[in-house]
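See below for the structure under consideration.
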Amino acid sequence: MQDYNPKTIEKKWQGFWRENACFEPLHTKKSSNPTGQLSKQNSDTNDKAHNSEAHNDKTHNDKTSNTITSNSEVANKKTSNKAHNECSQVDFSLPKKYILSMLPYPSGKIHMGHVRNYCIGDALARHYRKMGYNVLHPMGWDSFGMPAENAAIKHKIHPKKWTYENIDTMREELESLGLSFSKEREFATSDAIYTRFEQEFFIQMWERGLIYRKEAFLNWCPNDKTVLANEQVIDGKCWRCDTPVVQKEMSQYYMKITAYAEELLRDLEGLEGHWANQVITMQRNWIGKSRGLEFDLELDSPSLKKLGLKAGEQDCRVRVFTTRPDTIYGVTYCALAPEHSIVKRVLELGVLESKVSEAIKSMQNTSERARASAEKIGFDLGLSLTHPLTGKKLPLWVANYVLIEYGSGAVMAVPAHDERDLEFAKKYSLPIKRVVKSVAKSEFKQHDTQTSSTQSSAKLSNEQAQQSEAQKQANETGQELTEAFVNDGVLVDSAEFSGCESEQARAKIIAHFESRTLGKGVTNYKLRDWGVSRQRYWGAPIPMVHCEKCGIVPEKIQNLPITLPDDIIIDGEGNPLDKHSEWKHCVCPKCGAKALRESDTMDTFVESSWYFLRYTTPRELWEKGAFDEDSLRYWLNVDEYIGGIEHAILHLLYARFFTKVLRDLGYVKIDEPFANLLTQGMVLKDGAKMSKSKGNVVDPNALIAKYGADSARLFVLFAAPPVRELEWNDSAVDGSYRFIRRLYERAKNASKTRSLPQIDASVLNEEQKNARKKVYEAAQKSQAVFEKRANGYNFNTLIAACMEALNALTVLESREPNALNSEIWTEGYFILLNILEPIIPHIAWELSEELFGRENFAPIVIDKKALESSQITLAITINGKKRAEISVGAQASKQEILDLARQSAQKWLENKEIKKQILVPNKLVNFVVA
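Numbering (our numbering), first residue to last: -18 to 911.
This is the structure we're talking about:
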């Protein structure tokens, strides 16, 4: 056997897999074979593999055209392989597995995070193919987005050309890892055929009222006359021209995700045990269901007069929502978001000092993200509201920590019981009134929570009841507070509700408001509708038309897709679509009059919210509809979805939402898209996430060039369990390479066969028995790792078991050669190459083809007798502390074991009285001594 040469072996098998479409879903015309997609081809494998190498060299030299044509789209790239073209229909009679890794953005180069993500998914896909499942393991490209436009500005290259050239590069890089992706299902989300159906969904959602249009504030660069993403605003300035960014109110399209808030929250229960608890908690918190009180605070007469309003008119009241109605008596001021309509009215009337007005306008021109980290600032608007219960006047302020997108853009401030309100109140010397006390620290006697508030109040101590006016004033200012009391407790200074515990008081106060029509109890969600408008070129065009006569109307379905014009110039100034007269001017699909096409494009999260559904449909059916019903029914749900924890909220939430919407539109029959979710940990180096700025990036291409793809795959799966962070270790990569080389070199000890050798265990010596035991322990570990996903697919334990098995086999190498040893080696490799195929596929295929014609790529039956041992090792402990070990025959009696244990521990038992002796079978003997 030649020396191990990963470059030659890996190139050979990658070509073979591609040429023979080895990783496409099984079709009805393929022969039925228990080895699934790994079944051996009828023609000579090695000849085909070598022929495919020449084909690879040819296709590698083909250069991407510089022209921008539809042929650059992934969906239009036809594969040419006999194996697939002979197939007619996916075999729906087979058990299936849909294994999916989150699709990447084609930035141009893969990184170690990609390597880890896709190796995890690939190991699962390859395993299930061996087990006889029909496997769908697709790959695509999340190809719309801002980076392409930034590259266009920087490098003077068309976004489409930049994107599709990057896809070609990354496809080659991923293929160099030997990943078993379906080539026939590959597409880019910027392909016109994908956009067509996305636009159709948009129109149907618009017609159902699930998409609407409203005004919203966006980051605006006055110099470049363009909208900026949050990432393009650096220190409040435009990333390109350094011009201060302002907030501009513009019309935006929104998807009504709030209509599904309760279902999105409720269905998380069914994902428990299948998704990480951390992810489920993050989604619950993001949806943020809460029960509380909604009520209005009326402007007093002087304030109405100042604003030129009459009672009952718009802006004569402020609506607020609180989850803590038990603190209602602690409200000392109210604060509005800078964009609130009352604030706008105050500015228009010019009733504030000019410097205050300018400061408020500055707040309005600061993004919500910047405000969140900024020092809290605010201004008294010179207006007052009336407390609905006490009748007291409450000053009305504008504050930068109040956001217009949350609730009504107004908060009832309770400084003593809210940290943000307290910080603001202390800064501006506003009143602070404590109305809830800790039960443990209060001066209340023990009381029954079911007693009336009058009875509870009677339990106040005389000292509390006779509190002096000076003490009350001190309570009102509260400037001595260092932190707000935010927990539940017992109400004080809250009229008839004093003495009630918080939970009881909340219900009573809501009922009090409702009985007097002052307000009502409502259920609210933190979740906000999804703004999907983007004022940029490289995105899916929103299929709406603006007609002076008909208003905003959807394009006709038969006119889809609305594609982007290629002949544009991207210079960073404004939206290129607004400047393209031929593209923008159209006719109204409703009345036929002249109209303007919508120039906003969709948020790229829209594309990634349904791509996993599209993968189920075979390429030959892509033009006929968004999905093939039979394929959807067969492949869904996704059995394992793999990606980073950074996508725990938005992407996963939007994907869940989109699935429910498409269900209600009649496309799919499922409620949740992903049956199981695996969130892999980050790849670190020197304790930090890899990044170019930190100079700690490891180039996967350089790693593969030096060690080979199998070594890279082995390292990322061995270094840490998938859900844990992986710390990069150069020596560990070298160790992975040495293991594979040793596996390759020792294959000479195995013999060629097409079936698993049958070995008579009764004639084996201890070393031979141990070698077989270790091999079957590795096989057993493989089953446990793949079938018990609750452990997070601990591939590292499986790989360690395989290494132990090879070490045990290697012991036989130093013994005199004999037929029995050869059979054990053969059996060992038959099994180990099967187990390792999902992890290091190239070497596994190479050796399995050479030795077994790949007949070993089938489910392994565990020989339970091989797992039996003639000897067992027991720990000897004295009062729980380990002192020795003994080896005894597996059939030894309890008394024989105890006698031998006492002998081995004699020096620790000398002059001691044995109070108790405990035998834990197959584990230990413990002596309790005095």
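Glycine included, each C-beta is placed from N, C-alpha and C at the ideal position.
Pairwise C-alpha distance: residue j and residue i
i: residue 495; j: residue 311; result: 20 Å
i: residue 498; j: residue 275; result: 11 Å
i: residue 541; j: residue 656; result: 33 Å
i: residue 639; j: residue 663; result: 28 Å
i: residue 616; j: residue 795; result: 51 Å
i: residue 523; j: residue 356; result: 38 Å
i: residue 189; j: residue 214; result: 35 Å
i: residue 871; j: residue 801; result: 24 Å
i: residue 300; j: residue 364; result: 15 Å
i: residue 319; j: residue 226; result: 16 Å
i: residue 404; j: residue 636; result: 38 Å
i: residue 479; j: residue 400; result: 23 Å
i: residue 682; j: residue 154; result: 7 Å
i: residue 627; j: residue 255; result: 18 Å
i: residue 850; j: residue 860; result: 28 Å
i: residue 111; j: residue 809; result: 18 Å
i: residue 46; j: residue 593; result: Because residue 46 sits at a pLDDT of 36, beneath the cut-off of 50, its placement in the model cannot be relied upon, and the point is left open.
i: residue 529; j: residue 234; result: 19 Å
i: residue 328; j: residue 360; result: 12 Å
i: residue 263; j: residue 660; result: 13 Å
Spatially closest choice to residue i from the options, by CA coordinates
i: residue 890; options: 909, 551, 848; result: 909
i: residue 201; options: 555, 410, 138; result: 555
i: residue 731; options: 714, 804, 113; result: 804
i: residue 558; options: 515, 401, 86, 592; result: 515
i: residue -5; options: 823, 895, 624, 479; result: 823
i: residue 296; options: -7, 181, 772, 281; result: 281
i: residue 90; options: 77, 143, 79; result: 143
i: residue 287; options: 330, 464, 539; result: 330
i: residue 765; options: 780, 752, 753, 624; result: 780
i: residue 844; options: 670, 233, 740; result: 740
i: residue 73; options: 610, 229, 162, 316; result: 610
i: residue 398; options: 468, 367, 385; result: 468
i: residue 572; options: 604, 598, 536; result: 536
i: residue 98; options: 81, 645, 87; result: 81
Same chain, Cβ closer than 7 Å to residue i, neighbours up to 5 away in sequence not counted
i: residue 134; result: 551, 552, 553
i: residue 351; result: 217
Coarse secondary structure for residue i, derived from DSSP in three states
i: residue 359; result: strand
i: residue 350; result: helix
i: residue -9; result: helix
i: residue 100; result: helix
i: residue 874; result: coil
i: residue 122; result: strand
i: residue 233; result: strand
i: residue 910; result: strand
i: residue 791; result: helix
i: residue 432; result: Note on residue 432: pLDDT 38, under 50, position unreliable in the model; no value is reported.
i: residue 415; result: coil
i: residue 277; result: strand
i: residue 256; result: strand
i: residue 169; result: strand
i: residue 56; result: helix
i: residue 709; result: coil
i: residue 565; result: helix
i: residue 556; result: coil
Residues of its chain near residue i, where Cβ-Cβ distance is below 8 Å and the 5 sequence neighbours each way are ignored
i: residue 631; result: 586
i: residue 714; result: 684, 688, 692, 693, 696
i: residue 813; result: 724, 756, 759, 783, 786, 787
i: residue 239; result: 506, 508, 509, 510
i: residue 608; result: 594, 595, 597, 598, 648, 649
Beta-carbon contacts of residue i that lie in its chain and below 6 Å, excluding the five residues immediately before and after
i: residue 94; result: 664
i: residue 474; result: 416
i: residue -13; result: 689
i: residue 33; result: Note that residue 33 scores a pLDDT of 40, beneath 50, so its modelled location is shaky; the value from the coordinates is reported in the next line. Cβ within range, chain order: -4, -3, 0.
i: residue 827; result: -10
Near the ligand SAM: residue i beta-carbon under 8 Å from a heavy atom
i: residue 624; result: Although the ligand SAM was asked about, the structure shown includes no ligands whatsoever.
Task: Continuous alpha helix (DSSP H) assignments of at least 4 residues falling wholly in the region 665 to 704 - done: Taken in chain order, the complete alpha helix (DSSP H) segments of 4 or more residues contained in the region 665 to 704 are 681 to 688, 690 to 699.
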